[in-house]
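Notes for the one structure printed next.
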Amino acid sequence: MKRVLIGSPIHQKPEILEHFLISLERLDKEECEIQYLFIDDNENKESSKLLHTFSLNNKNVAIHKNQFNDKYIRDNKTHYWNEKLIWKVANFKNMILQIAREYEYDYLFLIDSDLVLHPNTLIQLMSSEKDIISNVFWTKWQPNFSELPQVWGYDQYEQYYRHRGEVLTDEEVIKRHQEFITQLRKPGVYEVGGLGACTLISESAIKAGVNFNEIKNISFWGEDRHFCIRAQALGFNLYVDTTYPAYHIYRESDLMNVPNFEGDLSTDIYDEIREIVIKGLEAVGSFHYKNGYASDWKSYFTKEMQYRLIDIIEDETDENIKSRLNLKATVIKCDVFTEDNQVIADFILVNDGIQNSKHFIENVSGLVILVKNQASGWLIDQMLLKER
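Numbering of the sequence shown is given in our numbering, commencing with residue 8 and proceeding in unit increments.
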């Protein structure tokens, strides 16, 4: 069981913060012990109330209220940073790092509060087994710009690679920039020169001394640059995972596309559930009089449902063997939906078999109800056949 601290300095509008917090609740936290640490730097009392509500609805939430009020200006064009704001945020992040170090967390997941995360983000980042890895997101830094990732190749924000001392023409720079962008559009894990804003940091990196302090002989803008340079100097390579891009609510106009992003997430989860239902029903529905049922059928059902099915199977097995039953079950329809806080799949299954040397085909329709098991994922908990 990995202990993970999810940390975020928060100075955010409530309508944006709400989506960030919902995505944290929706994260898959399988085999993780999660604690939250929020630095409440909000001017808007509604944002502070959202954090308080989150702490009531979730376990292990700590909120540190910052007493220093600084104006952070942003509009529907861009965000306006200054040196004072940057190093204030750096101090907040260092505070979170210090807590992660003192309490010996396995990982710190440091996230900006204007992101909406895919449910698989945390598990995916942990599976990479990298000491420092960011989850990619894409942003139009100016309204008329193309979308760019928050990671870069080297220096300030150069999004291409070159060898030390290599002189490139403008055409080659454009070509390599496009190669960099094209690569990051493909799901995978890639080494980069700089990253930030949605970063998983291992205990090893934390204990080695990574932090957001200013490196005074470097003029690069932004605390993330100083973090990345220090991490590299300490021997830690930097990576980005592009499997499940986050959605960046950089400006209020980006809120209009949040439902589309969340709808895509629902599609992903429903596809996962649909696959489990199909495999489970076909495994327990197919039978061969010599080999019996598929050996893995139990993996798709809760323990309670397994016991109910075993009772049925034991009653039918002897008779099936006597009749030399060969049966192939195929799910031809499976629709997943939610109703009364339950996840339900409506299915039609076709049985194609031979019994007593005679071929037959029959249709079976019904509903299954699924539950989310912390260790095993989605499992079938109930099965209801419809009258024909």
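Glycine residues also receive a C-beta, built at the ideal position from the N, C-alpha and C atoms.
As the structure is a computational prediction, the values presented were derived from the model and not from experiment.
**Prompt:** Which residue spans inside the segment 210-259 form an unbroken alpha helix (DSSP H) run of at least 4?
**Reply:** 210-215, 230-240
**Asked** V291 by DSSP, collapsed to three states: which one?
**Response** For the purposes of this step, residue 291 is taken as the residue at position 284 of the sequence shown. Residue state, collapsed to three classes: helix.
**Asked** What are the boundary residues of the alpha helix (DSSP H) that P16 is part of?
**Response** On the sequence shown, residue 16 is found 9 positions in, with the first residue counted as 1. Counting along the chain, P16 falls outside any alpha helix (DSSP H), though it belongs to the beta strand (DSSP E) covering 9-17.
**Asked** At a cut of 8 Å, does the segment 28-42 reach the segment 127-134 through at least three beta carbon pairs?
**Response** yes
**Cβ contact check for the segment 216-223 and the segment 236-248: 3 or more pairs under 8 Å** = yes
**Item:** Which residues DSSP lists as bridging Y114, in chain order
**Value:** Counting from 1 along the sequence shown, the entry for residue 114 is found at position 107. Answer by DSSP bridge pairing, in chain order: V11, S209.
**Request:** Would you kindly work out how many angstroms separate the C-alpha atoms of W148 and Y254, rounded to a whole number?
**Result:** Counted from its first residue, the sequence shown places residue 148 at position 141. Counted from its first residue, the sequence shown places residue 254 at position 247. Computed Cα separation, rounded: 14 Å.
**Item:** Validate contact between the segment 375-391 and the segment 310-321 using beta carbons, cut 8 Å, 3 pairs
**Value:** yes
**Request:** Would you kindly report the start and end of the unbroken alpha helix (DSSP H) that includes K128?
**Result:** Along the sequence shown, read from residue 1 onward, the residue named residue 128 stands at position 121. The question names Lys, yet the displayed sequence has Thr at residue 128. 128-134 is the span of the alpha helix (DSSP H), which, as asked, contains T128.
**Message:** Just to confirm before moving on: does the CB-CB distance between L191 and V143 stay below 8 Å?
**Reply:** Locating residue 191 in the sequence shown gives position 184, counting from the first residue. Locating residue 143 in the sequence shown gives position 136, counting from the first residue. Closer than 8 Å, so yes.
**Asked** Exposed or buried, A336, counting other C-beta atoms within 10 Å across all chains shown (16 or more means buried)?
**Response** The residue labelled residue 336 in the question sits at position 329 within the sequence shown. Buried: at least 16 other Cβ atoms inside 10 Å.
**Message:** In the DSSP output, what is I93 paired with across the bridge?
**Reply:** Taking the first residue of the sequence shown as position 1, residue 93 is located at position 86. BP columns for I93 are empty, so no partner.
**Request:** Out of N358, Q362, Q349, point me to the one whose CA is closest to I339's CA.
**Result:** Counted from its first residue, the sequence shown places residue 339 at position 332. When only C-alpha atoms are compared, the closest one is N358.
**Prompt:** Rounded to whole angstroms, how far is the Cβ of L457 from the Cβ of L57, which I believe are closer than 8 Å?
**Reply:** A query on residue 457 cannot be resolved here, the shown segment of the chain reaching from 8 to 395 and no further.
**Asked** Taking the Cβ atom as the reference point for each residue, do I283 and Y307 lie within a distance shorter than 8 Å?
**Response** Start at 1 with the first residue of the sequence shown, and residue 283 comes out as number 276. Start at 1 with the first residue of the sequence shown, and residue 307 comes out as number 300. Result yes, Cβ atoms of I283 and Y307 sit closer than 8 Å.
**Same chain, Cβ closer than 6 Å to S15, neighbours up to 5 away in sequence not counted** = In the sequence shown, the residue the question calls residue 15 occupies position 8. So the list reads F45, I118, S120, once near-sequence residues are dropped.
**Item:** Residue burial classification, Q166 (beta-carbon count within 10 angstroms, cutoff 16)
**Value:** One-based indexing of the sequence shown puts residue 166 at position 159. The residue is buried, with at least 16 neighbouring Cβ atoms inside 10 Å.
**Request:** For L272, collect the residues of the same chain with a Cβ closer than 7 Å to its Cβ; drop the 5 residues on either side in sequence, then sort them by chain order.
**Result:** Numbered from its first residue, the sequence shown carries residue 272 at position 265. Within the same chain, L272 has close Cβ partners H125, P126.
**Prompt:** Out of curiosity, what's the CA-to-CA distance linking A382 and W145?
**Reply:** Counting from 1 along the sequence shown, the entry for residue 382 is found at position 375. Counting from 1 along the sequence shown, the entry for residue 145 is found at position 138. Between A382 and W145, the C-alpha separation is close to 32 Å.
**Enclosing alpha helix (DSSP H) for M312 [first to last residue]** = Residue 312 sits at position 305 when you count from the first residue of the sequence shown. Looking at the DSSP string, the run of the alpha helix (DSSP H) that includes M312 is 310-329.
**Request:** Just grab the DSSP bridge partners of M390 for me.
**Result:** Residue mapping note: residue 390 aligns to position 383 of the sequence shown, counting from 1. DSSP output for M390 lists V375 as bridge partner(s).
**Prompt:** Roughly how many angstroms separate the alpha carbons of V174 and V180, rounded to a whole number?
**Reply:** Walking along the sequence shown from the start, residue 174 turns up at place 167. Walking along the sequence shown from the start, residue 180 turns up at place 173. In a straight line, the C-alpha of V174 is about 10 Å away from that of V180.
**Asked** Which one of H366, G195, E136, I351 has the shortest CA to CA distance from G373?
**Response** On the sequence shown, position 366 is the one that residue 373 refers to. G373 has its Cα closest to that of I351, out of H366, G195, E136, I351.
**Request:** Determine the closest residue to Y277 out of E198, K379, F187, G360, with distance taken between C-alpha atoms.
**Result:** For the purposes of this step, residue 277 is taken as the residue at position 270 of the sequence shown. It is K379.
**Message:** Rounded to whole angstroms, what is the Cα-Cα separation between D473 and E279?
**Reply:** As displayed, the chain neither begins before 8 nor continues past 395, which places residue 473 out of reach and without an answer.
**Request:** Spatial neighbours of D303 within its chain, please: CB distance less than 7 Å, with the 5 preceding and 5 following residues excluded, ordered by chain position.
**Result:** Position 296 of the sequence shown, counting from 1, holds the residue named residue 303. Cβ within range, chain order: A290.
**Prompt:** So what's K84 in DSSP terms, helix, strand or just coil?
**Reply:** Mapped onto the sequence shown, residue 84 falls at position 77. Reliability fails at K84, whose pLDDT of 48 lies under 50, so the model's placement of it is uncertain and no value is given.
**Asked** Which partner residues of P156 appear in the DSSP bridge assignment?
**Response** Taking the sequence shown and counting its residues from 1, one reaches residue 156 at position 149. Partner(s): W145.
**Item:** Among T249, D248, F234, nearest to G242 - alpha-carbon criterion
**Value:** Against the sequence shown, residue 242 aligns to sequence position 235. Selected option, being the one with the closest Cα: F234.
**Strand pairing of T345, partner residues [DSSP]** = Taking the first residue of the sequence shown as position 1, residue 345 is located at position 338. According to DSSP, which records beta bridges pairwise, T345 is partnered with V350.
**I23 versus I256, K52, G195, H366, residue with shortest Cα-Cα distance** = Taking the first residue of the sequence shown as position 1, residue 23 is located at position 16. Considering only alpha carbons, the answer is I256.
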